[in-house]
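**Q**
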Amino acid sequence: MNLEIDRNRLLAEIEALASFSDAEAPAVTRIVFTPTDLKARAWMKARCEEAGLTVRYDAIGNTFARWNGSAPSAAVVGTGSHIDAIPNAGKYDGVVGVLGGLQAIRALQRCGFHPKHSIELLVFTAEEPTRFGIGCLGSRLLSGTLSPDAAKKLTDKDGAAVEQVRRMVGFAGEIEDVKLPAGYYKAFAELHIEQGPLLEREHVPLGIVAKIAAPASLRVVIEGSGGHAGGVLMPDRHDALCAAAELILAIENAARTSGAVDTVATVGICEVFPGAVNSIPSQVRLSVDIRDTDLARRDAVMQALETEGRAIAERRQVSIRTELLNADAPGDCSPLVIDALSQSCRKHRFTFLSMVSRAYHDSLFMGRIAPVAMLFIPCRNGYSHRPDEYASPEDIVRGTLVLAETLAALAA
Ligand code: GLV
Ligand code: MN
Ligand code: MN
30 MNLEIDRNRL
40 LAEIEALASF
50 SDAEAPAVTR
60 IVFTPTDLKA
70 RAWMKARCEE
80 AGLTVRYDAI
90 GNTFARWNGS
100 APSAAVVGTG
110 SHIDAIPNAG
120 KYDGVVGVLG
130 GLQAIRALQR
140 CGFHPKHSIE
150 LLVFTAEEPT
160 RFGIGCLGSR
170 LLSGTLSPDA
180 AKKLTDKDGA
190 AVEQVRRMVG
200 FAGEIEDVKL
210 PAGYYKAFAE
220 LHIEQGPLLE
230 REHVPLGIVA
240 KIAAPASLRV
250 VIEGSGGHAG
260 GVLMPDRHDA
270 LCAAAELILA
280 IENAARTSGA
290 VDTVATVGIC
300 EVFPGAVNSI
310 PSQVRLSVDI
320 RDTDLARRDA
330 VMQALETEGR
340 AIAERRQVSI
350 RTELLNADAP
360 GDCSPLVIDA
370 LSQSCRKHRF
380 TFLSMVSRAY
390 HDSLFMGRIA
400 PVAMLFIPCR
410 NGYSHRPDEY
420 ASPEDIVRGT
430 LVLAETLAAL
440 AA
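Count along the sequence shown from 1, add 29, and you get the number used in this note's numbering.
#1: How should Glu467 be labelled, buried or exposed, when 16 other C-beta atoms within 10 angstroms of its C-beta is the threshold for buried?
#2: Please determine, among Val198, Ile367, Ala75, the residue with the shortest C-alpha to C-alpha distance to Leu235.
#3: Could you pull the start and end residues of the alpha helix (DSSP H) that Thr429 belongs to?
#4: Decide yes or no for the touch test of the segment 165-177 against the segment 386-403: beta carbon pairs closer than 8 Å, at least 3 of them.
#5: Answer yes or no: the CB of His414 versus the heavy atoms of ligand 2, is any distance below 7 Å?
#6: For Phe217 versus Ala100, is the C-beta spacing smaller than 8 Å?
#7: Any contact of the segment 41-52 with the segment 117-135, i.e. 3+ C-beta pairs under 8 Å?
#8: So, does the segment 205-221 touch the segment 285-299, judging by three or more C-beta pairs under 8 Å?
#9: Here's the rule: buried if 16 or more other CB atoms are within 10 angstroms of the residue's CB, otherwise exposed. What is Asp178?
#10: Which whole-angstrom value describes the C-beta separation of Leu115 and Val152, a residue pair presumed to lie in contact below a C-beta threshold of 8 Å?
#11: Just jot down, in chain order, the residues whose CB lies closer than 7 Å to any heavy atom of ligand 3.
#12: Taking the continuous alpha helix (DSSP H) assigned at Val366, which residues delimit it?
#13: When DSSP labels each residue in this structure, what does Ala469 get in the three-state scheme?
#14: Checking 8 Å against the spacing of the C-beta atoms, do Phe49 and Trp72 come in under that value?
#15: To the nearest angstrom, report how far apart Ser348 and Gln332 are at their CA atoms.
#16: Starting from the Cα of Asp268, find the closest Cα among Arg344, Ala420, Ala437 and give me that residue.
#17: From this set, Gly129, Tyr86, Ala80, which residue's C-alpha is nearest Asp206's C-alpha?
#18: Taking only beta-carbon atoms, is Ser348 less than 8 Å away from chain C?
#19: So within the segment 311-346, which uninterrupted beta strand (DSSP E) runs reach at least 3 residues, ignoring any that extend past its ends?
#20: Sorry if obvious, but does the Cβ on Ile43 come closer than 7 Å to a heavy atom of ligand 2?
#21: May I ask whether a heavy atom of ligand 1 can be found less than 7 Å away from the beta carbon of Gly164?
#22: With a cut-off of 8 Å on the beta carbons, I'd call Leu39 and Leu128 a contact; round off their distance for me.
#23: Comparing alpha-carbon positions, which option in Asn91, Ala388, Glu434, Thr58 lies nearest Pro226?
Pasting the structure below:
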């Protein structure tokens with residue numbers, strides 16, 4: 030099989046997709062179900078149809094672009110990722126797995142490969158938690174990890190519910206029907222940028238993911254009491270932001286002192302009310318993201334948040350309420366897919382690292398219903414979720430080639 034990846038087309042498509050953005054280039058912002066996301070999805074659908082794939086959407090807007098195999102009832106081989114992008118992101122996160130996956134399929138078509146198992150390119154809905162507060166909405170529903178009822182009720186910051194928004198933008202059908210039957214996928218492989226510095230640092234071009242770290246996220250609401258910034262004397266204050274500051278540092282400290290570098294905790298959103306320079310903050314809302322490869326250590330940080338929160342609330346006479354959005358178990362990748370990826374790497378004498386994914390991915394949830402593995406390519410300085418995210422053409426093409434061979438091996 031003489032596979033050739035069309036480098037120019039792949040790079041041009043990455044650029045084209047980046048032009049669907051609500052931020053000025055080089056930043057990319059593409060939030061799920063916004064007009065920009067819908068335009069990008071339409072563009073993506075046209076590219077898939079151009080490649081002769083049959084495209085369908087489910088009720089949450091997950092996109093399945095299918096290349097029918099000679100045994101149409103056999104379990105499907107899947108690949109893909111996401112095209113939504115957090116505010117002020119780059120152009121490679123998720124996109125490399127989607128456009129690389131499409132390019133891998135085109136390369137297989139060009140060289141005359143005929144799959145036995147159908148190959149499906151998936152574009153998952155809302156891998157990013159930006160709009161509805163929870164990451165991997167599409168793959169959680171596909172895998173049955175999130176109940177349809179819970180999904181429907183998720184709301185965005187304007188109070189619009191998933192159920193209402195997805196219907197409004199044209200995704201019909203019932204959320205109950207999104208879950209895939211057991212055994213639908215024979216295997217699933219996701220190509221992605223590493224989003225960390227290890228491959229670049231070790232001068233290794235590829236990573237094969239063996240395990241995906243366990244994510245958790247919470248919202249915290251701190252209620253103090255507001256008032257005039259001049260009139261209320263310091264002993265009389267119950268400043269919600271000062272309490273939040275203590276809590277943020279307590280969360281950081283719990284992660285830093287867990288005993289392992291694998292523990293990470295981030296407070297990425299801090300909303301202050303009423304938000305006036307001469308008004309004491311009466312309410313603060315925090316969004317907290319805690320992850321670890323080890324479930325018990327991750328949970329210990331969540332526990333510390335609760336314990337420290339109670340102590341701070343008591344000391345400062347404020348109320349601190351936490352709401353758990355998700356706390357997922359880590360995921361193990363499958364030897365079936367890892368072997369297929371490794372064999373392709375060995376054939377080309379591409380060196381690779383066996384890695385842990387510290388970011389979460391749709392593969393974490395696809396792994397609940399299918400054998401999965403991920404292939405990482407380096408990204409400059411490990412930067413991701415920022416506009417200067419960058420992966421080199423050589424690395425993107427190399428990853429796409431290995432993905433194509435892996436799909437061929439799994440679908441033959
Ligand atoms: C995915 O974008 C993550 O936050 O890991
Ligand atoms: Mn991301
Ligand atoms: Mn991603």
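Note that beta-carbon positions come from the ideal geometry of N, C-alpha and C, so glycine has one too.
**A** Walking through what the data contain:
#1: Nothing about residue 467 can be read from this structure; the chain reaches only from 30 to 441.
#2: Ile367
#3: For Thr429, the uninterrupted alpha helix (DSSP H) run begins and ends at 422-440, by DSSP.
#4: yes
#5: yes
#6: Cβ atoms of Phe217 and Ala100: not closer than 8 Å.
#7: Between the segment 41-52 and the segment 117-135 there are three or more C-beta pairs closer than 8 Å, enough to call the two in contact.
#8: no
#9: exposed
#10: Here residue 115 turns out to be Ile, not Leu, going by the sequence shown. Ile115 to Val152, Cβ: 17 Å. No contact.
#11: Ser110, His111, Asp122, Gly123, Glu156, His221, Ala388, His390
#12: 364-376
#13: Any property of residue 469 remains undetermined from this structure, which presents the chain solely from 30 to 441.
#14: yes
#15: 17 Å
#16: Arg344
#17: Ranking Gly129, Tyr86, Ala80 by Cα distance to Asp206 puts Tyr86 first.
#18: Among the protein chains of the structure shown there is no chain C, as only one such chain exists.
#19: 312-321
#20: Result no, Cβ not under 7 Å from ligand 2.
#21: True, at least one ligand heavy atom lies under 7 Å from that Cβ.
#22: 6 Å
#23: Ala388
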